[in-house]
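To convert, take the position in the sequence shown, counting from 1, and add 5; that gives the working numbering.
All C-beta atoms, glycine included, are put in the ideal place defined by N, C-alpha and C.
Keep in mind the model is a prediction, meaning the values are calculated, not measured.
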Amino acid sequence: MIRDFRNILSSEFFRNVATLISGTSLAQLFSVVIYIVLSHIYTEEDFGVFGLFMNILNITVIFSTAKYELAILLPKNEKDSVNLLGLSGLISVGVSLVLLVIVVSMNGMICSWLGSEEISVWLYFIPLSTLMVGWFTSFRNFSNRQKRYKLIAGANIGQSVSNSLLKLGMGFLIAGAAGLISGVIFGQLVGFLVFFIAHWRIKVSKAGWIKWSEMKRLAKQYILFPKYNMWQGLINNLSGAFPVFILSSYFSTGIAGLYTFGYMIIYRPVNLVANAFYQVMFQRFVEKKHDNRSIRPEVLLFLKRTTQVLLLPFIVSGIFLPEIFGFIFEDKWIEAGRYAQIILPWIFMVSLVMPLSFIPDLYKKQRVAMIIDGVKLVARLGALMVGVIMENVYIGLALYSGLSTIIIGYSLFWYLQLVKTNPPVDDQFIPLKNNE
Numbered sequence: 006m007i008r009d010f011r012n013i014l015s016s017e018f019f020r021n022v023a024t025l026i027s028g029t030s031l032a033q034l035f036s037v038v039i040y041i042v043l044s045h046i047y048t049e050e051d052f053g054v055f056g057l058f059m060n061i062l063n064i065t066v067i068f069s070t071a072k073y074e075l076a077i078l079l080p081k082n083e084k085d086s087v088n089l090l091g092l093s094g095l096i097s098v099g100v101s102l103v104l105l106v107i108v109v110s111m112n113g114m115i116c117s118w119l120g121s122e123e124i125s126v127w128l129y130f131i132p133l134s135t136l137m138v139g140w141f142t143s144f145r146n147f148s149n150r151q152k153r154y155k156l157i158a159g160a161n162i163g164q165s166v167s168n169s170l171l172k173l174g175m176g177f178l179i180a181g182a183a184g185l186i187s188g189v190i191f192g193q194l195v196g197f198l199v200f201f202i203a204h205w206r207i208k209v210s211k212a213g214w215i216k217w218s219e220m221k222r223l224a225k226q227y228i229l230f231p232k233y234n235m236w237q238g239l240i241n242n243l244s245g246a247f248p249v250f251i252l253s254s255y256f257s258t259g260i261a262g263l264y265t266f267g268y269m270i271i272y273r274p275v276n277l278v279a280n281a282f283y284q285v286m287f288q289r290f291v292e293k294k295h296d297n298r299s300i301r302p303e304v305l306l307f308l309k310r311t312t313q314v315l316l317l318p319f320i321v322s323g324i325f326l327p328e329i330f331g332f333i334f335e336d337k338w339i340e341a342g343r344y345a346q347i348i349l350p351w352i353f354m355v356s357l358v359m360p361l362s363f364i365p366d367l368y369k370k371q372r373v374a375m376i377i378d379g380v381k382l383v384a385r386l387g388a389l390m391v392g393v394i395m396e397n398v399y400i401g402l403a404l405y406s407g408l409s410t411i412i413i414g415y416s417l418f419w420y421l422q423l424v425k426t427n428p429p430v431d432d433q434f435i436p437l438k439n440n441e
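This is the structure:
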């Protein structure tokens, strides 16, 4: 067993994951420390407006590249990957312009739907933020293709630290959610610039490879990305945004803020580790697919090790989360700890399933995956509406978390059935998606 453990530690896979985690973990630790201060500066209502902004953004970014950025890793020909990078960036510009028109013409209507007038001015920043995220994810996948994990870690650090520092600085200068939202936008800009400068220095000569005819050809070749994965991503992110939207509309912006704060505190470290595995496993499994090798042993090993590492901390923290929130932050955030406690089982399942969520795409089972996500969306909406009808936030969140845990657990069971056989060799598309 010790020898096996040493082999794992010395493997290229572990080194790549460790590179991503070690760099960004310091930045994330810094962010958590900053949040201790932010919890004293900003109110529950501020985090509520911030939560609305972030969840709107999580929906608009699904369209930012039409999911073509996910194809960047796939071609064996680097010219194709460069053209896919250009295609993704061009779509991001177009989508952002469309969003700007929508925000200008429908601002008041959107605020009415969300039950928050405070979000009005920040809706105008959604197009810019969507553009930054589209470019950032495109360059991140291009870097992942080249196994430049130190660069990815550096961009994540730049994004996280600049985000946190601006939130802190503006929190002392301007009241309201301005600091929280401005920090996010500034962090996105810094993260993109890290990628852009790094690739500009080394790859500027390859910009000449980008041609309109090639982008059109690749758009047709990988048409299944916008046809399936874009809409599946919309279903996922919309259902993940339901708590903030519904809590804000039917209860209050303050309650939505408490949920946002609790969710962010427990999801940040989970997302850090899961995304690191997610990026490396995708690139690694694409290579295995090209060689017609089985991915089942690594899937089982990942699940075993992840469960061993995370299960006990999740159980212990789950018992004491309200007290932990009250001790680290302030008594006013104890309620956020209760909300976090309720959704913890769902977050645990996300930590297991998100790094493996590209498996249906490897086996060309996108339609089934979309149906499962559609069921999850309906179940989540129904769960929260039960809470609205009963005028009880706890019941709504408990049903939301419980149904999410069960459905994501079923997805994991399905993945394990799929990996019993090798994926098909044809690699026209192998999309990648998050799974919440």
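Who are the Cβ neighbours of residue i in its own chain at under 8 Å, not counting the five residues just before and after it?
i, result
"residue 259", "48, 49, 50 and 53"
"residue 64", "239, 242, 243 and 246"
"residue 10", "Only weak support exists for where residue 10 lies, its pLDDT of 42 falling under 50; the coordinates are left without a value."
"residue 108", "115, 128, 129, 131 and 132"
"residue 462", "With the chain covering 6 to 441 only, the question about residue 462 has no answer from this structure."
"residue 175", "183, 184, 187 and 188"
"residue 279", "355, 356, 359 and 360"
Starting from the Cα of residue i, find the closest Cα among the options and give me that residue.
i, options, result
"residue 417", "94, 388 and 358", "358"
"residue 1", "251, 186, 111 and 56", "Because the chain here runs from 6 to 441, residue 1 falls outside it and cannot be looked at."
"residue 356", "225, 262 and 318", "318"
"residue 233", "139, 372 and 140", "372"
"residue 41", "158, 332, 382 and 379", "332"
"residue 121", "338, 262 and 330", "262"
"residue 56", "279, 316, 181 and 235", "181"
"residue 444", "188, 155 and 313", "The structure shown does not extend to residue 444, since the chain is modelled only from 6 through 441, so no value can be given for it."
"residue 84", "220, 389, 354 and 374", "220"
"residue 81", "383, 67, 151 and 307", "151"
"residue 257", "123, 75 and 369", "123"
"residue 384", "155, 408 and 58", "408"
"residue 322", "419, 338, 350 and 307", "350"
"residue 231", "339, 354, 273 and 76", "76"
"residue 179", "324, 394 and 46", "46"
"residue 118", "153, 61 and 86", "61"
"residue 86", "38, 222, 177 and 154", "222"
"residue 282", "59, 38, 139 and 154", "154"
"residue 95", "216, 110, 324 and 341", "216"
Identify, in the order they occur along the chain, each residue of the same chain with its Cβ nearer than 7 Å to the Cβ of residue i, setting aside the five sequence neighbours on each side.
i, result
"residue 391", "400, 401 and 404"
"residue 194", "137"
"residue 343", "327"
"residue 424", "300, 301, 304 and 364"
"residue 125", "112 and 116"
"residue 380", "412"
"residue 439", "Low per-residue confidence applies at residue 439: pLDDT is 47, beneath 50, and the placement is therefore not dependable, though the value from the model is reported in the following sentence. Once the five neighbours on either side are set aside, the close Cβ partners of residue 439 are 241, 359 and 362."
"residue 334", "41 and 44"
"residue 354", "410, 413 and 414"
"residue 7", "Residue confidence is low: residue 7 scores 44 on pLDDT, short of 50, so the model does not pin down where it sits. Its coordinate-derived value is still stated next. Closer than 7 Å at the Cβ level, and outside the excluded window around residue 7, lies no residue."
"residue 15", "For residue 15, the pLDDT reaches just 46, beneath the cut-off of 50, and the residue's location in the model is therefore unreliable, leaving the point undetermined."
"residue 203", "156"
Taking the CB atoms as reference points, tell me whether residue i and residue j lie closer together than 8 Å.
i, j, result
"residue 130", "residue 186", "yes"
"residue 191", "residue 167", "yes"
"residue 264", "residue 249", "yes"
"residue 347", "residue 406", "yes"
"residue 148", "residue 90", "no"
"residue 88", "residue 214", "yes"
"residue 97", "residue 70", "yes"
"residue 162", "residue 145", "no"
"residue 73", "residue 104", "no"
"residue 36", "residue 134", "no"
"residue 160", "residue 199", "yes"
"residue 290", "residue 389", "no"
"residue 79", "residue 173", "no"
"residue 196", "residue 141", "yes"
"residue 67", "residue 235", "yes"
Please list, in chain order, all residues of the same chain as residue i whose beta carbon is under 6 Å from its beta carbon, the five residues on each side excluded.
i, result
"residue 434", "Because residue 434 carries a pLDDT of 45, less than 50, the predicted location of this residue cannot be relied on, and the following value inherits that uncertainty. Closer than 6 Å at Cβ, skipping near neighbours: 227 and 229."
"residue 378", "237, 240 and 241"
"residue 421", "none"
"residue 382", "240 and 244"
"residue 374", "365"
"residue 5", "Residue 5 lies beyond the range of the chain shown here (6 to 441); nothing can be said about it."
Checklist entry - Mind pulling the alpha helix (DSSP H) runs of 4 or more residues that sit fully within the stretch 59-119? => result 83-119
Item to check | Continuous alpha helix (DSSP H) assignments of at least 4 residues falling wholly in the stretch 170-210 | outcome: 183-208
Next on the checklist: Could you tell me which whole alpha helix (DSSP H) segments of length 4 or greater appear in the stretch 350-419?
Outcome noted: With a minimum length of 4 residues, the continuous alpha helix (DSSP H) runs that stay inside the stretch 350-419 are 364-367 and 371-394.
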